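Residue numbers (the numbering used here): 16 to 474.
Here the structure is laid out as structure tokens; the discussion comes afterwards.
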Ligand SMILES: [Zn+2]
Ligand SMILES: [Zn+2]
């Protein structure tokens, strides 16, 4: 068995781990390297699509490997046809640092993941996160079609015949997938995103265990413990483990966070805002429980509403348990006395279904009854405060991680300016998505692999 770590070795995330055995090749995760990308790019300076993969190869954001990248990009770069060289990509979860760069893969490389991971990727693709987001479907790039006038036009996603589904395979617990000389089993773990899992790769030369991102203090810590038991039982030769918080001794607890949030809310007289990891539905569930304990209703934005509804039973709570915040957008017609069809024009197509539901609220309702609501909010929609115009007895609960790069520090500063402007006090309550140093070492001991490789840690 041969292991090549193409990303995630001396950095937190960007995992791209190539496993080879008797001619069979698979990738464990194919994530975006935040470290390498952040060295050269920012929100306002992005890699160019027109260069295909050239910007990514030049700056070592993606490894230049034959036979794995999409043919439309390679052709556009003047590279000849390549034959597929990898048999499958296994995604541990849908966080960008593990899954984002599947956009660049050939569409005949099958992707394997949990049902929730597939749904989250679908949601990301449908609600738009930028240029490079062909996750579950694949739209041929740099192609022309002949339009009704008989002229050449550029292909877009509207030209359905140029859009196809990627081969996604949903894995079920307890069911191994056979690929060439390997068998791969998915085992759910606890992490800060629905659908996270680890993998066991079985070969006739010994077994490999991959943790993905893992923690033991979340709402589903029993999953991680079962993962460790199962991993031990297969007597692994090799353990590839995450090590994000290897140097941290801080003991976190999701249950503790829920209690802290509830306490902050119990003292709040005005409106409560809660900032949380965007798609961490376990955290949102903690916030929902805390809000209900304090006779408040949780208000989520339309993107979250869309995700919760798409996940269905895989979400820890249903959409009817929360309110949906309909923001003023584009022309802001939700505020005007005009017909529904015209108002809908202010919103994205996917969003239109979420603006006239029974459980929708706008800033007017929130303004009228600030003590009745806890509103999920992040910097990207903080401009809604101008409409809400919260009073200074409102509070902001920061329930996500501290900034760990310059860009995030600037964002945090910006957010604080908003809070200062309205005289809102900030409180903090957060638990990490990752196990701490002690828990990691205990896990390594319990799994008892012959060799341990630590990825997803600072170099
Ligand atoms: Zn990660
Ligand atoms: Zn993660």
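Yeah, the Cβ is synthetic: ideal placement off N, Cα and C, and Gly gets one too.
Being a predicted model, the structure only gives us computed values, none of them experimental.
- prompt: Considering residue 113, what are the terminal residues of the alpha helix (DSSP H) in which it resides?
  reply: 111-114
Span of the beta strand (DSSP E), counted from its first residue to its last, around residue 127: 126-128
- prompt: Alpha carbon to alpha carbon, how far is residue 470 from residue 205?
  reply: 18 Å
message: Which of the three DSSP states is assigned to residue 142 in this structure?
response: helix
query: Taking just the CA atoms, how far does residue 239 sit from residue 279?
result: 30 Å
query: Would residue 403 pass as a contact of residue 370 if the rule is Cβ separation under 8 Å?
result: no
- request: To the nearest angstrom, report how far apart residue 390 and residue 199 are at their CA atoms.
  value: 41 Å
query: Does the Cβ of residue 346 have 16 or more other Cβ atoms within 10 Å, making it buried, or fewer, making it exposed?
result: exposed
- prompt: According to the neighbour-count rule (16 or more other Cβ atoms, all chains shown, within 10 Å of its Cβ), is residue 115 buried or exposed?
  reply: buried
message: One question on the structure: do residue 29 and residue 57 come within less than 8 Å of each other, judged by their Cβ atoms?
response: no
Stretch pair the segment 213-224 + the segment 134-144: three plus CB contacts closer than 8 Å: no
- prompt: Just curious, the alpha helix (DSSP H) that residue 72 is in, first and last residue?
  reply: 69-73
task: Per DSSP, which residues does residue 169 bridge with? Please list them.
output: 159
message: In the DSSP output, which residue or residues are listed as bridge partners for residue 434?
response: Beta-bridge pairing links residue 434 to no other residue.
query: Which residue from 127, 178 and 173 puts its Cα closest to that of residue 149?
result: 178
- prompt: DSSP puts residue 181 in a beta bridge; with which residues?
  reply: Its beta-bridge partners do not exist; DSSP assigns none.
field: Burial state of residue 32 (16 or more Cβ within 10 Å)
entry: buried
Test item, CB below 6 Å from any non-hydrogen atom of ligand 1: 28, 110, 112, 113, 228 and 471
Residue interval of the alpha helix (DSSP H) (run including residue 480): Within the shown structure, residues of the chain are numbered from 16 to 474, placing residue 480 beyond reach of any answer.
- prompt: Would residue 430 be called buried (16 or more neighbouring beta carbons within 10 Å of its own) or exposed?
  reply: buried
- prompt: Are residue 85 and residue 122 close, meaning C-beta to C-beta below 8 Å?
  reply: yes
field: Option nearest residue 342 by Cα separation, candidates 357, 398 and 299
entry: 398
task: Please determine, among 386, 163, 358 and 275, the residue with the shortest C-alpha to C-alpha distance to residue 314.
output: 386
- prompt: Considering only residues of the same chain and omitting the five flanking positions on each side of residue 171, which have a CB-CB separation below 8 Å?
  reply: 154
- prompt: In this structure, does DSSP put residue 385 in helix, strand or coil?
  reply: helix
Residue environment, residue 338, which counts as buried when at least 16 other CB atoms sit within 10 Å: buried
message: Please classify residue 331 as buried or exposed, where buried requires at least 16 other C-beta atoms within 10 Å of its C-beta.
response: buried
query: Hey, how far is the Cα of residue 229 from the Cα of residue 394?
result: 27 Å
message: Would residue 87 and residue 157 be called neighbours here (beta carbons separated by less than 8 Å)?
response: yes
message: If you measure between the beta carbons of residue 197 and residue 36, is that distance less than 8 Å?
response: yes
- prompt: Per DSSP, residue 217 forms a beta bridge with which residues?
  reply: 198 and 222
query: Helix, strand or coil for residue 550 per DSSP?
result: Outside the displayed range of the chain (16 to 474) lies residue 550, so it cannot be described from this structure.
- prompt: Which one of 51, 301, 94 and 89 has the shortest CA to CA distance from residue 27?
  reply: 51
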